[in-house]
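Residue numbers (the working numbering): 45 to 251.
Ideal Cβ placement from N, Cα and C applies to all residues, glycine included.
Worksheet for the structure shown next.
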């Protein structure tokens, strides 16, 4: 590859000459590249393209814990079937089934955010104009006591043990679960940092 030395570093040649962009043939040489699926959106729908960020299956808790489980188990922890019929309240129910009750402080934060209104309003998947995230996803989802409005959706059979990826040996299960729980928390401030996770006991057996 063409390169040159500048002081104590190497600079590689950038290949960005795709030829003339005028004419029909130019379009055949252009290749779109998606770099952030969290911000990706369909281009064949009428605008304006204003809506909450993140595809439905990439919603909270959008951290390394969820992605690691997906890679190890081959299926997301909070994956819905079929994917095109996303339900936010079902997503919350699935999280409660595994992570436990939602902390009151977390619910209060959501209530405080209701004062923020969108302008212009956004059309949700059901075709309704919405001026807030709660309206867009069919909320609010918790009553005045902080209880999920659809308790019937919370699975009583799901557990960390029943969800264990097949690639995790039984003797490593407890350490693996403890490692994952340090990331999969309701409150972001309760989640372990990357530096803390690097020294987790689970890595003593897998590294």
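| query | result |
| --- | --- |
| Residue 56 - partner residues in DSSP beta bridges | 47 |
| Secondary structure of residue 110, DSSP reduced to three states | helix |
| Proximity winner among 131, 187, 122, relative to residue 154 (alpha-carbon distances) | 187 |
| DSSP three-state assignment for residue 142, whether helix, strand or coil | helix |
| Three CB pairs or more closer than 8 Å across the segment 206-222 and the segment 158-169 | no |
| Span separating the alpha-carbon of residue 180 from that of residue 98 | 14 Å |
| At least 3 beta-carbon pairs within less than 8 Å: the segment 231-239 vs the segment 128-144 | no |
| Residue 195, buried or exposed, once every other Cβ within 10 Å from all chains shown has been counted against 16 | exposed |
| CA nearest to the CA of residue 162, picked from 175, 152, 224 | 175 |
| Residue 125 versus residue 56 - alpha carbon distance | 46 Å |
| Under the three-state DSSP convention, the category residue 186 falls into | strand |
| Per DSSP, the bridge partner or partners of residue 167 | 173 |
| Of the listed residues 241, 197, 189, nearest to residue 149 (C-alpha basis) | 189 |
| For residue 197, the three-state DSSP class (helix, strand or coil) | helix |
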